[in-house]
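A short worksheet on the structure shown next.
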Amino acid sequence: MESMIKEWSVFLDKCLERRIQPDLFAAAVAQLHAKSPLPGRKLAALVLRPRVAGSNNIDPRSIVFLEQLLALKKVDASDVLTLTFLYSKDRLPVKTGDEKPTKEAQWDNPPELEEIVFHRLHKAFAAEERPINNTEGLRTLIVLTRWMQAMVTSHTSDSMIQAMAGIQQPQQHSINVREGLAMLVIGVVENSKILRILNNPKGKDIRKNFIQSFSSFIPFLSNNSGGSHQSLQLAERLELSQKRHDFYEKLPNVNGEENGNAGLEVAALQLDAVMELPQVNTRAGLYIFLNALLVARPLTDDFIIINHLHSRYKLEAQNMATDLITAAFDVLANAMYRSEPPQTMFYLKSFLINKVPLLLAQLTGSIFPMTVEMCITQALSHVDPHAFPSFSQGFDDIMGSNNNSLSDVRQDFLNACALHALIPTGTVERLLGEAPMQGPPSKRYERKELLNQCKSNFDKVSTFIDELESLDGNAGAIVAAVTDFIAHLCETQTTMYLKQLSSLLFKKPQAMDVMLQFTSPASILRPLCQFLDDWHYDSDQGEYQPVYDEFGAILVLVMAFIHRYDLTYHDIGIGHDTFIAKLLKRGHHSMLPDQLSEEQGKHLGNWLKGLYDADKEGLSNEVFASCRPQDFYLIVPTLFRQTVVACSTGVLSFESVKGGLEYLGETFLLPSLIEGLTWMASYALLQTHNDLDAMIRIFNEVILTTPSSGDAQAMHSTIIAMVSSRLEKCFRTLQRREPNRTTLEPFIQAIKVHAYYERSVYASLKEVDQWTNAPNSTLNSSIRHTIQQLSQWASTSSLQPNPPGYTHRQIYASLKMLGATRTLRAVVDEVKAQTDTGNGAAALDIGVSIICAPTVEDSPITVDWVGSSIPAPPQQRNHMNLREMLKQEFESAANLVATDPLTAETIVRLHRRVEAHFASLGEAGLQAPPINIPSVNIADMQSQTISDDLNRAIDDAAAATVVDDISNMDNKALQRSMDELTGPEGLDLSSIGMGNGDAGAGDMSTDLGNLPDLNLGDMGSMGMDMDMDMNMDMGGGGGDDDWGLDFDNM
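Residue 1 is where the sequence shown starts when you use the working numbering, and the numbers rise one by one after that.
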């Protein structure tokens, strides 16, 4: 054995010294292993052993060799993990004052190596490539159990020492190693083969000891994150696995035997007996619901709203209508107090004036008796008089001194109600308390009549679109007619009218807002996207530039909707291979010359010559004729890249570039600025080029230069608005990097007018600062404060008419930054706290309202828009929502009864109320979707059989681990794992270089003389031409790209 160890040691050292290629190494290993079959533990020890005392460097080639040995199955995962732990600082014993540190303690590997090994093995376990057999799985569990315990002990000790030294934050490499181990544990506990081992009754001792370490490791990871968002995500992921697989310690009974089931049964009985709090429909509950519908892309589907009201109020039709009106006024008042921009104020006014009367009309048509006039009277008596003053009080506002004036809102709402025959026109003055400034519209529009007018006289379309901004109650019919007319024009291929209609709409973002309050995005956009996808030149086409003009106007309208409401091609309901889908996925990425197809290269050359060739007259008809618009827009970022690089290197003069950019200021090519500016905003932030000066000059031409024609100006303004948020981030980042560069400020000022163009769920930096910058405030505590304010307002709303500040973006931000688990904890904790103060009924209603609120993504209930001409496609699911997380918490609530009974009771009450709400939705006619928790396991996990010696292997491992103390179990198990490595004769580490860092002195030619098929004489010339870029000098050691890991989708 000793001679084999010596032979392998010399072989590996020489391979590292001469930097041999991986394929050559694999061939040499196969031949040498056939001659000298060294066990895997010993082989792993020779590869992973430290070669220099106290070194913090890793030899990348040793990692590559380890990969090859794993692939060749000469070592397995437990071998690698055992030896990595053997040489880890985590395993080094804590010295007492009487002991002298030994030299051996200095021989450990840097933490970067551990992190790389963790990531590599995580990938193997997550993909079910390992364990290959039961022995590998058992040994892996034993070492992981010991390592988790050792890491908790050693890192906690280090943290205490650092705290005593005044160091508050843990070192980054410590955080990286913790996260690496967490990744590996996740891969292991979600591996079907490992789970079979853990769930086998004969392996109860292995399971018990693993769970003890696992249970201590999760809070350690969460509480010592050092501000790392990834650590918190991993801790949540581990908690999820703990709940799913019941990895909880079972408390012993009086006889010392586990009696976990009996204890949980008692706890479950206690939870079943939790008393319900009185059910109240607070004013805040519906206020939260409408906020959620209107905070970003409108989710104001009639069926969603009506069924929510029926579920909430049952047969109380009068209260249902009254509270709906009150909540709509409250949302508008809240926006005014929050100083929301004028476009948002208009958007919320439109909902109150155009949408609410239609909802009331549906409610009055039900079987439940209701007097709308009485409902309106009661609702107006509840609203804040300071937010909605009378005309006499708000005369100055009406005259224009305040763009956000709400003094005319009550009148407009009552006129809309009169328009829809909900109240007599004569009652408007009595309900207002003064004479109205104007009456309702003379006529209530009908959808079919408007559509026929549009078909017979296209000029009517312009009139109707203008009327969308009138706020008179007729918007619903107009939206339906315009949506139908768009579909009609697409079916009849009437491109000229489509171009004009698109130009009318994309320059009126407020009209777009109103449209999406009444119909699904798919109803408007899917016909247009299909039309663009099928666009082709006619055989008798003469002039091709007008084709680009028509195509471009329609494209700008589609992209305006997509950018304003943060839509994906899934939201529109189109396939991934359609033109718009391709444009969204890769339309802002430039391509290198070797990535272009032959046809794309030809198109690019024609456009570059047409735009910048000074010897020609300019863009000829042939350039347009040779390239379809769809093909052109997919190469726009590459065209911009070539332009920037050519201008920066002097290949093109700026005058030539300027002349070419003038073409992009015309309507037939203006849409190219959407993808072009998006690419430039990303490229400008890269610090790997010297093209910034040229880019600033190009930015100046395309942003600050105003096109000549009115149509081009409107289109240019819309396009700049679409990309304004990306441009602002780019310019402000560059400004921070180069504060002396004064040319950036004009760009920032130019796009400032478009600051609120996007209507998405993302909170602004100002909002996040407000939630987190107060003393002792975090996002978690700010949510609790919001629920506290809403709960108190719900109890005193009759005395305090103005609503507390609220935006559902706060919930979205918490879900994005903290995750569903911690967001739900904030809700549960505050509902529990309010229950302690006697305000539990109101707080419970608010918590339920937040959890049940529809959302743009991962919604607890689908917004189907079933009444639209094209219903919304099924929503894409990426993460767990609050309802699903509450379901998880409820299933494990019994475990909390002994330690935190009030939290357990709160979870039970919330879960009962939430599920009752969705069950009621189903009864009301809108079937709530079943709980469908997104899988957090690896995709397509397959059940694979493990070898027949499962029970025998578990018997052996369990028999060897029947001890009372986990430390003893781990030490014995690890020692057994080491026995094979050291052997009865022992492994003299000093003989292979451990004593002095010497690589060993042997003659490579002598030891490898029996490998006739390999010519190793030329190995010395081989460099580091590796197949993978290991980037071993980075602080964390091995990024996600190195190992194919995707941490973003954890």
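Glycine is no exception: its CB is placed at the ideal position from the N, C-alpha and C atoms.
For Lys-752 and Ser-764, the rounded distance between their alpha carbons
As a working note, residue 764 is residue 764 in the sequence shown. As a working note, residue 752 is residue 752 in the sequence shown. Ser-764 and Lys-752 have their C-alpha atoms some 14 angstroms from each other.
Asp-23 to Tyr-87 span [Cα, whole Å]:
Here residue 23 is taken as the residue at index 23 of the sequence shown, counted from 1. Here residue 87 is taken as the residue at index 87 of the sequence shown, counted from 1. Taking the straight line from one Cα to the other gives about 28 angstroms.
In chain order, what residues of the same chain lie with their CB nearer than 8 angstroms to the CB of His-589, ignoring the 5 residues before and after it?
Start at 1 with the first residue of the sequence shown, and residue 589 comes out as number 589. Once the five neighbours on either side are set aside, the close Cβ partners of His-589 are Pro-637, Trp-679.
Within a Cβ cutoff of 6 angstroms, which residues of the same chain sit near Pro-671, ignoring the five residues on either side of it in sequence?
Locating residue 671 in the sequence shown gives position 671, where the first residue counts as 1. Same-chain partners within the cutoff: Gly-552, Leu-555, Val-556.
Buried versus exposed call for Thr-1006 [16 or more other C-beta atoms within 10 Å across all chains shown]
In the sequence shown, counting from the first residue as 1, residue 1006 sits at position 1006. For Thr-1006, the predicted model reports a pLDDT of 32, less than 50, meaning its position is unreliable; a value from the coordinates is still stated below. In this structure Thr-1006 is exposed. Its beta-carbon is surrounded by fewer than 16 other beta-carbon atoms within 10 angstroms.
For Thr-145, which residues from the same chain have a beta carbon less than 7 angstroms from its beta carbon, with the 5 sequence-adjacent residues on both sides left out?
Taking the sequence shown and counting its residues from 1, one reaches residue 145 at position 145. Only Asn-209, Phe-210, Ser-213, Asp-970 meet the Cβ criterion.
Can you tell me whether Val-651 is buried or exposed, with buried defined as 16 or more other CB within 10 angstroms of its CB?
As a first step, residue 651 is located in the sequence shown; it is residue number 651 there, counting from the start. Counting Cβ neighbours within 10 Å, Val-651 comes out exposed, since fewer than 16 surround it.
Return the residue from the list Val-856, Arg-61, Gln-792, Tyr-756 that minimises the CA-CA distance to His-879.
Here the question's residue 879 lines up with position 879 in the sequence shown. The residue with the shortest Cα to Cα distance from His-879 is Val-856.
In this structure, how does DSSP classify Arg-207 when only helix, strand and coil are distinguished?
By one-based count along the sequence shown, residue 207 stands at place 207. Residue state, collapsed to three classes: helix.
Pro-440 and Leu-468 - do their beta-carbons sit closer together than 8 angstroms?
Your numbering for residue 468 matches position 468 in the sequence shown. Your numbering for residue 440 matches position 440 in the sequence shown. No. Outside cutoff.
Which stretch, first to last residue, makes up the alpha helix (DSSP H) that contains Gly-542?
The residue given as residue 542 occupies position 542 in the sequence shown. Looking at the DSSP string, Gly-542 is not in any alpha helix (DSSP H), and its letter there is neither H nor E.
Going by C-alpha to C-alpha distance, which of Ile-851, Asp-631, Gly-665 sits closest to Arg-912?
Here the question's residue 912 lines up with position 912 in the sequence shown. Nearest of Ile-851, Asp-631, Gly-665 to Arg-912, Cα basis: Ile-851.
What's the gap between the Cα of Thr-733 and the Cα of Ser-682?
Position 733 of the sequence shown holds residue 733. Position 682 of the sequence shown holds residue 682. The alpha-carbon atoms of Thr-733 and Ser-682 are separated by roughly 11 angstroms.
Close beta carbons around Asp-940, own chain, < 6 angstroms, minus the five adjacent residues each side
The residue you call residue 940 lines up with position 940 of the sequence shown. Since pLDDT at Asp-940 reaches only 34, below the 50 mark, its modelled position is unreliable, and no value is offered.
On the DSSP letters alone, give me the boundaries of the alpha helix (DSSP H) that Cys-529 sits inside.
By one-based count along the sequence shown, residue 529 stands at place 529. Taken as a continuous stretch (DSSP letters only), the alpha helix (DSSP H) holding Cys-529 covers 521-533.
Ile-1051 versus Asn-621, His-716, Arg-130, residue with shortest Cα-Cα distance
Coverage of the chain is limited to positions 1 through 1050, which leaves residue 1051 absent and any answer about it impossible.
Integer-rounded CB distance, given that Tyr-565 should sit under 8 angstroms from Ile-580
Translated into positions along the sequence shown, residue 580 becomes position 580. Translated into positions along the sequence shown, residue 565 becomes position 565. Wrong, their Cβ atoms sit about 14 angstroms apart, outside the cutoff.
Under a three-way DSSP split, which group does Lys-314 fall into?
Stepping through the sequence shown from its first residue, residue 314 is reached at position 314. Here Lys-314 sits in coil by DSSP.
C-beta contact flag for Pro-803 and Asp-330 at 8 angstroms
For this step, residue 803 is matched to residue 803 along the sequence shown. For this step, residue 330 is matched to residue 330 along the sequence shown. In this structure, Pro-803 places its C-beta atom within 8 angstroms of the C-beta atom of Asp-330.
Buried or exposed: which applies to Pro-424, given that a residue is buried once 16 or more other Cβ atoms fall within 10 Å of its Cβ?
If you number the sequence shown from 1, residue 424 lands on position 424. With fewer than 16 other Cβ atoms within 10 Å, it is exposed.
Between the segment 523-539 and the segment 720-737, do at least 3 Cβ pairs fall closer than 8 angstroms?
Fewer than three Cβ pairs drawn from the segment 523-539 and the segment 720-737 lie within less than 8 angstroms of each other, which leaves the two stretches out of contact.
Other residues of its chain near Pro-929: CB distance less than 6 angstroms, five sequence neighbours each side excluded
Residue 929 sits at position 929 when you count from the first residue of the sequence shown. Residue placement at Pro-929 is flagged as unreliable, the pLDDT there being 41, under the threshold of 50; a coordinate-derived value is accordingly withheld.
Measuring straight from C-alpha to C-alpha, what distance separates Gly-137 and Cys-730?
Working through the sequence shown from its first residue, we reach residue 137 at position 137. Working through the sequence shown from its first residue, we reach residue 730 at position 730. C-alpha separation (whole angstroms): 49 angstroms.
Have a look at Leu-271, Leu-422, Val-828, Pro-357 and flag the residue whose alpha-carbon is nearest the alpha-carbon of Thr-371.
Along the sequence shown, one-based indexing puts residue 371 at 371. Selected option, being the one with the closest Cα: Leu-422.
Can you tell me whether Thr-667 is buried or exposed, with buried defined as 16 or more other CB within 10 angstroms of its CB?
Counting from one through the sequence shown, the residue named residue 667 turns up at place 667. Result: buried.
What are the boundary residues of the alpha helix (DSSP H) that includes His-589?
Position 589 of the sequence shown, counted from the first residue, corresponds to residue 589. Per DSSP, His-589 belongs to no alpha helix (DSSP H) and is neither H nor E.
Mapping the DSSP letters down to three states, classify Gln-233 as helix, strand or coil.
As a first step, residue 233 is located in the sequence shown; it is residue number 233 there, counting from the start. If DSSP states are grouped into helix, strand and coil, Gln-233 belongs with the helices.
Where Gln-493 sits in the DSSP three-state scheme:
The count along the sequence shown starts at 1 and reaches residue 493 at position 493. Three-state DSSP puts Gln-493 in coil, outside helix and strand.
State the DSSP-derived secondary structure class of Pro-509, mapped to helix, strand or coil.
As a working mapping, residue 509 is identified with position 509 in the sequence shown. Helix, per DSSP.
If you follow the alpha helix (DSSP H) that Arg-18 is in, where does it begin and where does it stop?
Position 18 of the sequence shown, counting from 1, holds the residue named residue 18. Bounds of the alpha helix (DSSP H) holding Arg-18 are 2-18.
Neighbourhood of Ser-503 by C-beta distance below 6 angstroms, restricted to the same chain and skipping five residues each side
Counted from its first residue, the sequence shown places residue 503 at position 503. Ala-553, listed in sequence order.
Quick check: the Cα distance between Ser-216 and Ser-192, rounded to an integer number of angstroms?
Counted from its first residue, the sequence shown places residue 216 at position 216. Counted from its first residue, the sequence shown places residue 192 at position 192. Ser-216 and Ser-192: Cα-Cα distance of roughly 23 angstroms.
Could you say if the segment 312-323 and the segment 880-891 meet the contact criterion of at least three C-beta pairs nearer than 8 angstroms?
Short answer: they don't touch.
Where Thr-481 sits in the DSSP three-state scheme:
As a working note, residue 481 is residue 481 in the sequence shown. Inspection of the sequence shows that residue 481 is occupied by Ala rather than by Thr. It is helical.
Between Asn-109 and the rest of its own chain, which residues show a CB-CB distance below 6 angstroms, the 5 nearest in sequence each way excluded?
Here residue 109 refers to the residue found at position 109 when the sequence shown is read from its first residue. Excluding residues within five positions, the ones whose Cβ falls inside 6 angstroms are Pro-50, Tyr-87.
Reduced DSSP secondary structure (H/G/I, E/B, other) of Ser-442
In the sequence shown, residue 442 corresponds to position 442, counting from 1. DSSP places Ser-442 in coil when its eight states are reduced to three.
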